[in-house]
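Data block below; observations after.
Chains as they are written, first to last, in this note's numbering: chain A, 997 to 1383; chain B, 18 to 258.
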């Protein structure tokens, strides 16, 4: 008979209690993985940002447009290698629940600026040739079963079509990105089509964000300062920041999400720790006489401490492992559900490691008090069944 | 002269109960020879179980010395005492005290885990001990699947599995019917007679005590009379060639 068998049989004295404890650990570890991944997903944009790329937006706020003519002024600033522009379209496909990000972009510069947005060359060319076409992310294509050549009607909620109808875009290409800060669930369409259509309604568009690529060897801080200085006295002052800083500001728009998520995670850990301590104290009470018997047979106080710790660790490691498995198995589905809110939701190995350490820590802490008591129990008292 | 297997010197033990100090053993002196079967009798509260626990190293005396199986128990630390128990003492309790989640074989195997035997050897030893108590066909049964008498026989198999010098039995027949009690007492007697184990049995039952060679009477924590059992003495005399 192995020691493991004794641990297992003791846990199976009350199978329902053990199973419920394991299930609560599964939920807790799954939640910890999910909550931590929300933070890492939000931070992925910051961590993966290109150090040579800058974002320029209105100093008033992200939702205030900048004049298009700023682009030419930026290109004249020393150290600026390339510029491109984006405008948030804010439309939806058929109904508002089918929401995803759409941007009007300049096809001549955008793919050069963002090489992580991988599109076959012939599809980029087809996109350039057709002003009403678009390029969509691979996840989006999969979700709506769109393919090259399909026509996609988009209702312009933020930018209604002047003829009060849906905007129509033909799929010219499907892009794929391997980096977490460039999701696969966005649609990019021609700036020219966007601009000309809005002009028909008498409302020429502005630019939401300009992207700048700094020349190799140029001082990024100098370029940032120069960009802000150039437009200091213009109709719209600008805020220029590195891509990492821009992503950071974007994340803080949600409020202090990491702190909020951290509080929830801590609450989950504390609740499950208390539940496990309770389970182990009940286990100690049931096994008090057995501990007395084992001590009488010659087992030491340390081995009784180990017996209770092993039971606690086994419960938590099993629950934790199952929780990790559930988190791993459901991440694709969760990523799909979270969609544009948290693009690139992927549980990192470090998160799995952190969650495993939490499960192990809960196992150790939950077992500490009952194991300590088991170790200190006097043999004659334990044999009487009193702890 | 044979060295005593158990030597109790001026041992005292008190308990606190309800703010009162109860002196259970009062400067007790006692010697027990190796290879003999002793019955420890006395009224309730006379200190029989307390003495048994002290001799088995399950509890510590307030004063005095205990020499059992060649060791002065006062000199041993907690873990040393545990190792000493594992090697020298087998316990048989009134309530059988088997681990309910383990089979008979696994219960008997438990004390063998503290030896250097391999897993296969442990199983072999445990199976042999169960054969010895006539339970070879019940080795995979859990305690709740056994009768009281069978449970106590498993407990005896567990007590002898490591081949200890001393077997301490606390009211081993207290919870058994007459037939089962006779089987258990017969086993203890056999362990003493054939395997030369020193057996110390606490009992209230004069019939049970008749299986012992010597009967030690305790009264109010002190040694009362010590009597020899003529039936066992005659048997021993007959067995000497």
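Even glycine gets a Cβ: it sits at the ideal position worked out from N, Cα and C.
As the structure is a computational prediction, the values presented were derived from the model and not from experiment.
C-beta contact flag for residue i and residue j at 9 Å
i, j, result
"residue 1166(A)", "residue 1113(A)", "no"
"residue 1294(A)", "residue 255(B)", "no"
"residue 983(A)", "residue 1260(A)", "A query on residue 983(A) cannot be resolved here, the shown segment of chain A reaching from 997 to 1383 and no further."
"residue 1289(A)", "residue 1379(A)", "yes"
"residue 1170(A)", "residue 1121(A)", "no"
"residue 125(B)", "residue 184(B)", "no"
"residue 84(B)", "residue 44(B)", "no"
"residue 1243(A)", "residue 1177(A)", "yes"
"residue 56(B)", "residue 229(B)", "yes"
"residue 177(B)", "residue 208(B)", "yes"
"residue 79(B)", "residue 30(B)", "yes"
"residue 1411(A)", "residue 1363(A)", "A question about residue 1411(A) goes unanswered here, because the residues of chain A that appear run from 997 up to 1383."
"residue 1016(A)", "residue 1268(A)", "no"
"residue 1063(A)", "residue 1192(A)", "no"
"residue 51(B)", "residue 213(B)", "yes"
Nearest candidate by alpha-carbon position, reference residue i, set the options
i, options, result
"residue 1189(A)", "1365(A), 1103(A), 1061(A) and 1046(A)", "1103(A)"
"residue 137(B)", "214(B), 123(B), 234(B) and 200(B)", "123(B)"
"residue 28(B)", "37(B), 55(B), 58(B) and 89(B)", "89(B)"
"residue 58(B)", "209(B), 241(B), 23(B) and 252(B)", "241(B)"
"residue 231(B)", "248(B), 146(B) and 237(B)", "248(B)"
"residue 1075(A)", "1107(A), 1215(A), 1373(A) and 1369(A)", "1215(A)"
"residue 1321(A)", "1233(A), 1003(A), 1030(A) and 1178(A)", "1030(A)"
"residue 1252(A)", "1148(A), 1035(A) and 1022(A)", "1035(A)"
"residue 22(B)", "181(B), 171(B) and 62(B)", "181(B)"
"residue 1080(A)", "1100(A), 1267(A), 1091(A) and 1376(A)", "1100(A)"
"residue 168(B)", "179(B), 178(B), 177(B) and 201(B)", "201(B)"
"residue 1057(A)", "1346(A), 1235(A), 1348(A) and 1206(A)", "1235(A)"
"residue 196(B)", "38(B), 212(B), 166(B) and 175(B)", "166(B)"
"residue 81(B)", "227(B), 47(B) and 114(B)", "47(B)"
"residue 1373(A)", "76(B), 52(B) and 121(B)", "76(B)"
"residue 1151(A)", "1239(A), 1329(A), 1163(A) and 1068(A)", "1163(A)"
"residue 1124(A)", "1136(A), 1138(A) and 1105(A)", "1105(A)"
"residue 1370(A)", "1303(A), 1350(A) and 1292(A)", "1303(A)"
"residue 1110(A)", "1082(A), 1305(A) and 1142(A)", "1082(A)"
"residue 1092(A)", "1149(A), 1185(A) and 1330(A)", "1149(A)"
Chain-ordered neighbours of residue i on chain B, where CB pairs are closer than 7 Å
i, result
"residue 1289(A)", "114 and 116"
"residue 1294(A)", "99, 100, 102, 103, 128 and 131"
"residue 1031(A)", "The premise fails here: residue 1031(A) is roughly 38 Å from chain B at the closest Cβ pair, so nothing lies under 7 Å."
Beta-carbon proximity list for residue i, same chain, < 6 Å, skipping 5 on both sides
i, result
"residue 1095(A)", "1088"
"residue 1213(A)", "none"
"residue 1182(A)", "1097 and 1133"
"residue 1219(A)", "1075 and 1210"
"residue 1053(A)", "1205 and 1235"
DSSP state of residue i mapped onto helix, strand, coil
i, result
"residue 950(A)", "Residue 950(A) lies beyond the range of chain A shown here (997 to 1383); nothing can be said about it."
"residue 64(B)", "coil"
"residue 45(B)", "strand"
"residue 1053(A)", "strand"
"residue 1198(A)", "coil"
"residue 1068(A)", "helix"
"residue 116(B)", "coil"
"residue 1186(A)", "strand"
"residue 1009(A)", "coil"
"residue 80(B)", "strand"
"residue 1170(A)", "strand"
"residue 1207(A)", "strand"
"residue 1149(A)", "strand"
"residue 1256(A)", "helix"
"residue 30(B)", "strand"
"residue 1094(A)", "coil"
"residue 221(B)", "coil"
"residue 259(B)", "With chain B represented from 18 up to 258, any question about residue 259(B) goes unanswered, as that position is not in the structure."
Closer than 8 Å at the beta carbon, the chain B residues around residue i
i, result
"residue 1376(A)", "70, 75 and 76"
"residue 1285(A)", "114"
"residue 1379(A)", "75, 110 and 114"
Same chain only: Cβ atoms within 7 Å of residue i, ignoring 5 sequence neighbours per side
i, result
"residue 66(B)", "187 and 219"
"residue 204(B)", "150, 170 and 173"
"residue 1007(A)", "1014, 1307, 1310 and 1311"
"residue 1343(A)", "1029, 1033, 1323, 1324 and 1327"
"residue 1280(A)", "1304, 1366, 1369, 1370 and 1383"
Residue i: contacting residues in chain A (beta-carbon distance under 8 Å)
i, result
"residue 96(B)", "1296, 1297 and 1298"
Chain A contact residues for residue i, given Cβ-Cβ distances below 9 Å
i, result
"residue 119(B)", "997, 1001, 1002 and 1005"
Neighbouring residues, chain B, relative to residue i (Cβ below 9 Å)
i, result
"residue 1009(A)", "117 and 118"
7 Å Cβ cut-off: residues of chain A touching residue i
i, result
"residue 212(B)", "Result: empty, since nearest Cβ-Cβ is about 19 Å, beyond 7 Å."
Spatial neighbours of residue i in its chain, beta-carbon cut-off 8 Å, leaving aside the 5 residues before and after
i, result
"residue 1013(A)", "1275 and 1278"
"residue 223(B)", "58"
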